[in-house]
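For the sequence shown, position 81 matches number 364 in the numbering used here, and the numbering has no gaps at all.
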Amino acid sequence: MADADPNMNPATTMPLGAAVPLPDFGRGRSSDAASAIGMLSDVNLSVRIELGRTKMLVEDVLRLNTDSVVELDKAAGDPVDIYVNGRRVARGEVLVLNENFCVRVSEILEPFES
């Protein structure tokens with residue numbers, strides 16, 4: 284058996300670093316992307332609104348009872364973080380609508396900001 288050529292990829296007969304020819308997939312149509320997104324429209328996502336955070340000792344958690352106050356790292360009126368499937372995607376402000384809390388989205392984060 285002949286020695287393997289160090290300039291050849293062992294899985295193929297192509298030289299290492301050679302460009303791999305691919306078919307022309309075209310640029311696609313925006314309607315294709317829209318229909319692909321449409322297929323996902325009924326997928327459930329987990330949405331979480333985070334008012335703030337804190338750290339507590341176990342003994343302090345064990346002392347919590349009715350009327351206990353847990354201080355957070357954000358002030359009243361500060362923007363809250365909106366997470367979708369654990370990833371921060373937006374910020375918003377807490378409002379009350381028909382006696383229920385709600386959040387008005389004030390900023391959508393760029394993907395690299397989250």
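For glycine and all other residues, C-beta sits at the position ideal for the given N, C-alpha and C. All values derive from a computational prediction rather than experimental measurement.
Compare the Cα-Cα distances from E393 to each of N383, R374, N381 and V379 and report the closest residue.
-> R374
Contact under 9 Å by Cβ, I365 with V330 = yes
In angstroms, rounded to a whole number, what distance separates the CA positions of F384 and L334?
-> 12 Å
S389 in three-state terms, based on DSSP = strand
V386, buried or exposed, once every other Cβ within 10 Å from all chains shown has been counted against 16 | buried
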